[in-house]
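*Asks:* Dumping the structure here so I can ask a few things about it.
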Amino acid sequence: MTLVQQIIADHARQARAEVGSIVEVEVDWIYAQDGNVPTIARLFELHGLHVGDTSRIRFVCDHSVLAPDRLMASRVKDAERFAARQGIEMVPVGSGISHLLAAEQQWFRPGRLVLGADSHTCTGGAFQSLALGMGATDIACAMAEGRTWLRVPETVRIELRGRPSRHASPKDVMLHILATNTPEAFLYRSIEWCGEWIESLNAEGAATVANMSVELGAKCCFVSAWQGCPSGMMRIDPDAEDGARKMVIQLDGLQPQFADGHAISTGRSIDKADREPVDCVFVGSCANSRLEDIGTVARLLRGRSIAPGLRLVVTPGTRNIHLQALQHGHVETLIAAGALVTPAGCGPCVGTQGHVPADGDLVVSTMNRNFLGRMGNPHARIVLVSPLVAAATALLGHIPSLAELEDLTLTDDVSPDHDRADQPERAS
Amino acid sequence: MMQLRARRISGAVSTDDILPARYKHASTNPDELAKHVFEYFVPPGFAPFAPGDCIIADSVFGIGSSREQAVSALMAAGVGALIGPAFGRIFYRNCWNLALPAIEADLNDCREGDLVQIDLAAGQIVCPGATVAFSPPPPLLLDVYRAGGLLRHVAAKKLSRQSLQSQGEGS
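Protein sequences, first through last, are from chains A and B.
Just so it is clear: in the first sequence, position 295 is 294 by numbering that gives the first Met the number 0, and no numbers are missing.
Just so it is clear: in the second sequence, position 141 is 140 by numbering that gives the first Met the number 0, and no numbers are missing.
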């Protein structure tokens, strides 16, 4: 059986889980964010529901950390009141993005079945949890019953071969795969990511790959054991014979990518980008807001200033990441270069808190989606890139060519962990 | 048998397109949310929905965000069913959970405004141009649909279990 079949069978207390069958499963963990908790609260009231086991449920406020208006502030308050009434722990506001907290606080564990009221819950695949995004009714039902229903999906096992070029990151790999495959190949399916490049990733890279699997249309994903992964994670064998459909994708020489608005499937080499003036750069979101991402940006910006008139917004994924970025000197570097560093959370990704781009703005962002109006303004264009390309864009005022990116990184040591303050105990 | 009016929508549609995020963060009232359906992204030639409409999509419909509010807003706007080649996975669940049939079928010959007759249990769609067969929803989804949604279905199941138990105690 594939990983998804094994986990579903375990949670259905069955020996097997046949592809295509509908199975009732026990749920290990549930979390929900501030955009959906108010609707869940409404459903509880409407249907007279009662929570089963509150110890396995967490609420997170990450989308409207600094509520931008009266209505959103009041919905966050609804969420807080509902949590208090039901005795459910609401993680303190400003703690960070739910999916990154799920990793930090080990809600994601190998073999666990986790439901999140957000589509990027699939990030849990980096820890080999069966982590499924669901809507308010599904989450409300699971909160009350401790169970849910699943259709056992087919599995596509993707083996990544070769190595991308020096400046290409896991984000670039995902933008490339999104551009060269149609979602129909992955819709409703489970993706197992494997191969040497996958096994060489760290936690940050594995999480980016898992996070953007939903953009491929996948139901869930599993990343093969990576460098320093938690115990209990297994190596996914590209050649295993268990009924999974197999696919090989070559990464050799892959260059940094950009995906222009308003489709995720438009990724191509940054050498193809026009040198249009960029108005705003955003570094953040559940795709790219981890310490390594912020470190990459800070290293490029050190001793430099962002382009005149450009806004650079940096939103660390969690409060812990923000604190570590402070200890490493990254935040100081970013602010000195002209960046706006905001409290941890989703930042401006969904237009439910600032900065909202102006009409006609060109935004270059490390987010995972560039749907029309994503950041709260349908008259702004959003281009998706990696943290390194975002940093270079902030310096130059346009998307860099490969030569410009090479020039900018020439004097920098772009390898991680070469900072002046790398001693973990520094702040104590 | 459902009788609805065909409303063709062309191209891939995300849940961000159906309902921008800010509105679901501002209100939990579907009637309020319905005012903002397709506010940022207006499908070519789109006129507002009316009660009795059936969305006929020609590409994947409802990809992206988990927001169930995209479904409740469409329902409040009058949409009674969706037919399309494929649906976003979470959107598909959300539809059935709220008792809005989402049917995987290609209905290329159906024109805007045509009368569409849907027989869910038999797996058949009839419109002036064509008769199309589809795989009927599995029994669980049909039960959920007939109960008026997942939460009503679960409540009904619980009630029937309780009444069985009390009958057992009484005998």
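We treat Cβ as the ideally placed atom computed from N, Cα and C, and that holds for glycine.
(1) Pick from A:SER400, A:SER223, A:ALA83 and A:THR351: whose alpha carbon is nearest that of A:SER63?
(2) If distances are taken between C-alpha atoms only, which option among A:LEU177, A:VAL222 and A:ILE381 comes closest to A:GLY194?
(3) Just checking: is the beta-carbon of A:ILE21 within a distance shorter than 9 Å of some beta-carbon in chain B?
(4) Using only alpha-carbon positions, find the residue among A:LEU99, A:GLN104 and A:THR136 that is nearest to A:THR120.
(5) How far does the alpha helix (DSSP H) with A:ILE248 in it reach, from first residue to last?
(6) Does the distance from the CB of A:VAL92 to the CB of A:VAL75 come in under 9 Å?
(7) Contact between the segment 324-344 of chain A and the segment 287-305 of chain A is defined here as three or more beta-carbon pairs at a separation below 8 Å; is this criterion met?
(8) With 16 other CB atoms within 10 Å as the buried threshold, where does A:ASP236 fall?
(9) Compare the C-beta of B:LEU149 against all C-beta atoms of chain A and say whether one is closer than 9 Å.
(10) Return yes when the Cβ of B:ASP57 is within less than 9 Å of the Cβ of B:PRO84, no when it is not.
(11) Please report how far the alpha carbon of A:VAL277 lies from the alpha carbon of A:LEU361, in whole angstroms.
(12) Specify, as a first and last residue, the run of the beta strand (DSSP E) that A:TRP192 falls within.
(13) Quick one, are the C-beta atoms of A:PHE431 and A:VAL36 less than 9 Å apart?
(14) Report the start-end ranges of each beta strand (DSSP E) in the segment 330-399 of chain A that is 3 residues or longer and not cut off at the edges.
(15) At the level of alpha carbons, what is the spacing between A:ALA40 and B:LEU18?
(16) Give, in chain order, every residue of the segment 0-28 of chain B whose Cβ lies closer than 7 Å to some Cβ of chain A.
(17) Using the beta-carbon of each residue, which ones in chain A are nearer than 9 Å to B:PHE189?
(18) For A:VAL355, collect the residues of the same chain with a Cβ closer than 7 Å to its Cβ; drop the 5 residues on either side in sequence, then sort them by chain order.
(19) Ordered along the chain, which non-local residues of its own chain (more than five positions away) have a Cβ less than 6 Å from that of A:GLN256?
(20) Counting only Cβ pairs nearer than 7 Å, list the residues of chain B close to A:CYS140.
(21) Counting only beta-carbon separations shorter than 9 Å, does A:MET133 have a partner in chain B?
(22) Let's test the definition: count the other Cβ atoms within 10 Å of the Cβ of A:ALA426 and tell me whether it reaches 16, buried, or not, exposed.
(23) Using a Cβ-Cβ distance cut-off of 9 Å, determine whether A:TRP225 contacts chain B.
(24) State the beta-bridge partners of B:MET0 as determined by DSSP.
(25) Assuming contact is defined by CB atoms lying nearer than 9 Å, are A:LEU65 and A:PRO342 in contact in what I supplied?
(26) Please confirm whether A:ASP68 has its beta-carbon closer than 9 Å to some beta-carbon of chain B.
(27) Buried or exposed for B:MET0, going by 16 or more other Cβ atoms inside 10 Å?
(28) Are the C-beta of B:PRO43 and some C-beta of chain D separated by less than 9 Å?
(29) Would you mind working out which of A:ALA391, A:ARG301, A:PHE370 and A:TRP28 sits nearest A:ALA102, comparing C-alpha positions?
(30) What residue range is occupied by the uninterrupted beta strand (DSSP E) comprising B:ASP52?
*Replies:* Working from what's here:
(1) Just measuring C-alpha positions, the residue of A:SER400, A:SER223, A:ALA83 and A:THR351 sitting nearest A:SER63 is A:THR351.
(2) Ranking the options by Cα distance to A:GLY194, first place goes to A:VAL222.
(3) Using a Cβ-Cβ cut-off of 9 Å, A:ILE21 counts as an interface residue toward chain B, since at least one Cβ of chain B sits closer than that to its own.
(4) Of A:LEU99, A:GLN104 and A:THR136, the residue nearest in Cα terms is A:LEU99.
(5) Unbroken run through A:ILE248 is the beta strand (DSSP E), 244-249; no alpha helix (DSSP H).
(6) Yes; because the gap between Cβ atoms is below 9 Å, this pair is in contact.
(7) Per the Cβ contact rule, the segment 324-344 of chain A is in contact with the segment 287-305 of chain A (3 or more Cβ pairs under 8 Å).
(8) By the neighbour-count rule (16 or more Cβ atoms within 10 Å), A:ASP236 is not buried but exposed.
(9) Cβ-Cβ to chain A under 9 Å: yes for B:LEU149.
(10) Yes, the Cβ-Cβ distance between B:PRO84 and B:ASP57 is below 9 Å.
(11) In this structure, the alpha-carbon of A:VAL277 lies about 5 Å from that of A:LEU361.
(12) Taken as a continuous stretch (DSSP letters only), the beta strand (DSSP E) holding A:TRP192 covers 189-193.
(13) A question about residue 431 of chain A goes unanswered here, because the residues of chain A that appear run from 0 up to 427.
(14) You should have 361-364 and 380-383.
(15) Each residue's alpha carbon lies about 20 Å from the other.
(16) For the segment 0-28 of chain B, the residues whose beta carbon sits under 7 Å from a beta carbon of chain A are, in order, SER13, ASP15, ASP16, PRO19, ALA20, ARG21, LYS23, HIS24, ALA25, SER26 and THR27.
(17) With chain B covering 0 to 170 only, the question about residue 189 of chain B has no answer from this structure.
(18) The residues are PRO347, MET374, GLY375 and ASN376.
(19) Around A:GLN256: ASP171, LEU174, HIS175 and GLY266.
(20) Result: LEU149, LEU150 and VAL153.
(21) Closer than 9 Å to some Cβ of chain B, the Cβ of A:MET133 qualifies, so yes.
(22) For A:ALA426, the predicted model reports a pLDDT of 36, less than 50, meaning its position is unreliable and no value from the coordinates is stated.
(23) Chain B has no Cβ within less than 9 Å of the Cβ of A:TRP225.
(24) As DSSP reads the structure, B:MET0 sits in no beta bridge.
(25) A:LEU65 places its beta carbon less than 9 Å from that of A:PRO342.
(26) For A:ASP68, the answer is yes, since a Cβ of chain B falls inside 9 Å of its Cβ.
(27) It is exposed - the Cβ of B:MET0 has fewer than 16 other Cβ atoms within 10 Å.
(28) No chain D appears in this structure, whose protein chains are A and B.
(29) Measuring from the Cα of A:ALA102, the nearest candidate turns out to be A:TRP28.
(30) B:ASP52: member of the beta strand (DSSP E) spanning 52-56, first to last residue.
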